[in-house]
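Per our numbering: the sequence shown = residues 843 to 1365.
Glycine residues also receive a C-beta, built at the ideal position from the N, C-alpha and C atoms.
Have a look at the structure below, then the notes.
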Amino acid sequence: ELSESSILYEERQVSSNRVWQAEDLLVVPLVSGDNTLLGFLTPDAPLDGLRPTYETLSFLELFANQAAVVIEGARLYEEAQRNSEERAALIEIGRVLSAPEALRDLDTVYQTIYEQVKRVMPADAFFVIRYLHQKDALMIDYFIDEEVSYPPFEFRHFPANMKKLLFEKRQGYMFSSEQEYAHFLDEEAPEIDGNLFGSMRPSQSFLFVPIHYGETPIGLLSAQSYQPGAYTRRHLEMLKEISIQAGIAITNARLNSELRDALKQAQESDQLKNHFLMTASHELRTPLTAIQGYLELLGAFGELVDEEAKLRFLTNARRACEELVLLLGNVMDTSRVDQDGVSLNLGPVKVINTVQLILEILEPTTTREKRPVEVRIPDDLCVWVDDLRLRQILLNLVGNALKYTPAFSKIEITAKGVDGDTLNERPLSPHNHLLDMPCDQFVIIAVKDWGPGIGAQDQGRLFTKFMRLDSALNSIQRGAGLGLYLCRQLTETMGGRIWIESQGIPGEGSTFVIALPRYTDKD
């Protein structure tokens, strides 16, 4: 026990023995002004070999009290300096996050957070991780390791227990060794080959703090060190404060991005609307003008015109009416697809029968222009579709092939059955990708022409609404730019896909391909 003078001085059994013994121990406590024990002063054996007198002990106690004042002052100074550094770091992060640029440039925000974290704690490696709820994956938005920055990447395969870092403790986690982190992950090693990043060195100390917006976890902040035991509870609390600001910054940037995207879409929609109104007024006026002209000719000069000319006038007026009906039909069908979807009456349909019906409808055009049409389709090949919608798709595709290719050039229509693997092996342009299909047996129907072809830069725009290529705007052929958009919508609604294959070389033409679910007797 410490005596009233705070000096432990154990007398030996022989009180007359004043010689310092090896078993003797002198302990002088260092106590702060608020009676907090700071440490001990333990002098070694006296130079004269004698036990110290009570006067010496009083001197040591006085020295210890003065030393305690100095130590406490140094501790308070370091504490104040550390508080100042932490406050300055938070202020700097807040300044950057409040700048307008933070809404558009998250990388600068992340870099600032890292630099300020490094001011107040060890940070050999630093991560900003965003949780992708729909994919159940982690997106490493920002990663720096030993002052080397790495590009963002998606991290899909991670230990199941890593979700605890996001969802279980809002105050975060601290691991003082590689083994402690491994035990948390319930793995033999926390860093397997597939999970090592950057310098490929396994970290020894870890801090993980979830980033929340309200009650929703949106990601993680992680500071890591290659030295064991590098972090304290104070470091964890500091990183937690930073994570609150990071959550606000990430959410604000996301909302700003969504707002800018919505504004861009609204502006594009407005431009498309204006373009459509201009195009529609021009395209609808042309057949109406033709109809009006032929009717006026018949009304004014009907008695003077022979029967053959009358028949020609009426035939041309009827074709103009049919063209007008087709244009308006595409507009109305597009509106139905966009607003309410399209109702389907699915069933087995023979491809050859539908193609023959389309060719009968287009026979006046193919005969007049002397357009050979080659058909290679097995008689028993069937698809599971809506017959009316398939006719609508093929009428648009074959009609386009006739309209936008030179007179006398050939049109080829083919179809064959394929499996899913074969379908995915077809060479597609960079703009056209097959999505996941609902079955594994398909029929691909291809309409090929030998026209000017379509370049890769235009292929990605073909199937969008109101789209007509620059080369078609000044042509004599009319259209509202809705045909291919409607084809895509109808094809995908029936569980299929549509794309184009073309090198953009004049004379080699283009091939429009649709893939639809196949029907067999087994189905």
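| Query | Result |
| --- | --- |
| Is the beta carbon of L879 closer than 9 angstroms to that of P871? | yes |
| Would L1008 and L974 qualify as a contact pair, given that the criterion is a beta-carbon distance under 9 angstroms? | no |
| Mapping DSSP to helix, strand and coil, what is P1348? | coil |
| Give me the DSSP bridge partner(s) of H1054. | P1059 |
| Using three-state DSSP, classify P885 as helix, strand or coil. | coil |
| Please report the straight-line C-alpha distance between A1072 and A910, rounded to a whole angstrom. | 27 angstroms |
| In the DSSP output, which residue or residues are listed as bridge partners for I1287? | A1257 and I1356 |
| Can you name the residues that DSSP bridges to F1017? | F1048 |
| Just list the residues that DSSP pairs K1192 with in beta bridges. | C1224 |
| G1014: buried (16+ other C-beta within 10 angstroms of its C-beta) or exposed? | buried |
| With the cut-off set at 9 angstroms, would you say V1215 and K1245 are in Cβ contact? | no |
| Report all residues from its chain with a CB closer than 6 angstroms to the CB of T1335; omit the five preceding and five following residues, and keep chain order. | V1184 |
| Could you tell me the boundaries of the alpha helix (DSSP H) in which Y952 lies? | L948 to V962 |
| Can you find the residues in the same chain that come closer than 6 angstroms, C-beta to C-beta, to I913, ignoring five residues on each side of it along the sequence? | L880 |
| Using the Cα positions of Y992 and R1075, report the straight-line distance between them to the nearest angstrom. | 29 angstroms |
| Please report the distance separating the alpha-carbon of K1106 from that of E1138. | 47 angstroms |
| Pick out whichever of E1020, Q1234 and V970 has its Cα sitting closest to the Cα of L1081. | V970 |
| Spell out the partners DSSP gives E1110 in its beta bridges. | For E1110, which the question treats as bridged, DSSP gives no partner whatsoever. |
| Across which residues does DSSP place Q1066 in a beta bridge pair? | A967 and F1048 |
| Whole-angstrom Cβ separation of G1241 and G1293, contact assumed at under 8 angstroms? | About 13 angstroms; that fails the 8 angstroms criterion. |
| Could you say which of S900, R961 and D947 lies nearest to R929 if we only look at CA atoms? | R961 |
| Locate the alpha helix (DSSP H) running through P1206, then write down its first and last residues. | E1205 to R1210 |
| Nearest to I1219 by alpha carbon, out of V1285, R1213, L1204 and Q1109? | V1285 |
| Just to confirm, is the Cβ distance from R998 to L980 under 9 angstroms? | yes |
| How long is the line joining the alpha carbons of Q1319 and T1209, rounded to whole angstroms? | Residue confidence for Q1319 is low, a pLDDT of 47 falling below 50, so the modelled location carries little weight and cannot support an answer. |
| Is the beta carbon of G1262 closer than 9 angstroms to that of D1291? | no |
| Would you call the segment 1298-1308 and the segment 1254-1261 touching, i.e. three or more CB-CB distances under 8 angstroms? | no |
| Excluding the 5 residues preceding and the 5 following T1093 in the sequence, name in chain order all residues of the same chain whose CB lies nearer than 8 angstroms to its CB. | Y1055 and I1060 |
| If you run the structure through DSSP and keep just helix, strand and coil, what is D867? | What sits at residue 867 in the sequence shown is Leu, not Asp. Three-state DSSP puts L867 in coil, outside helix and strand. |
| List the whole-angstrom C-beta distance separating L1265 from R1233, where the pair is believed to meet the contact cut-off of C-beta under 8 angstroms. | That belief does not hold up - the Cβ atoms of L1265 and R1233 are roughly 23 angstroms apart, past 8 angstroms. |
| Any idea what DSSP makes of I1296, helix, strand or coil? | coil |
| With 16 other CB atoms within 10 Å as the buried threshold, where does S1067 fall? | buried |
| Among R1161, V1191, D983 and L1078, whose alpha-carbon lies nearest the alpha-carbon of V1051? | L1078 |
| For the segment 1146-1157 against the segment 1185-1192, do three or more pairs of beta-carbon atoms, one drawn from each stretch, fall closer than 8 angstroms, so that the two count as touching? | no |
| Among residues of its own chain, excluding the 5 on either side of R1043, which ones have a beta-carbon nearer than 7 angstroms to its beta-carbon? | Y1068 |
| Excluding sequence positions up to five away, which residues of its chain have a Cβ less than 6 angstroms from the Cβ of D1035? | Unreliable placement is indicated for D1035, whose pLDDT of 41 sits below 50; no coordinate value is reported for it. |
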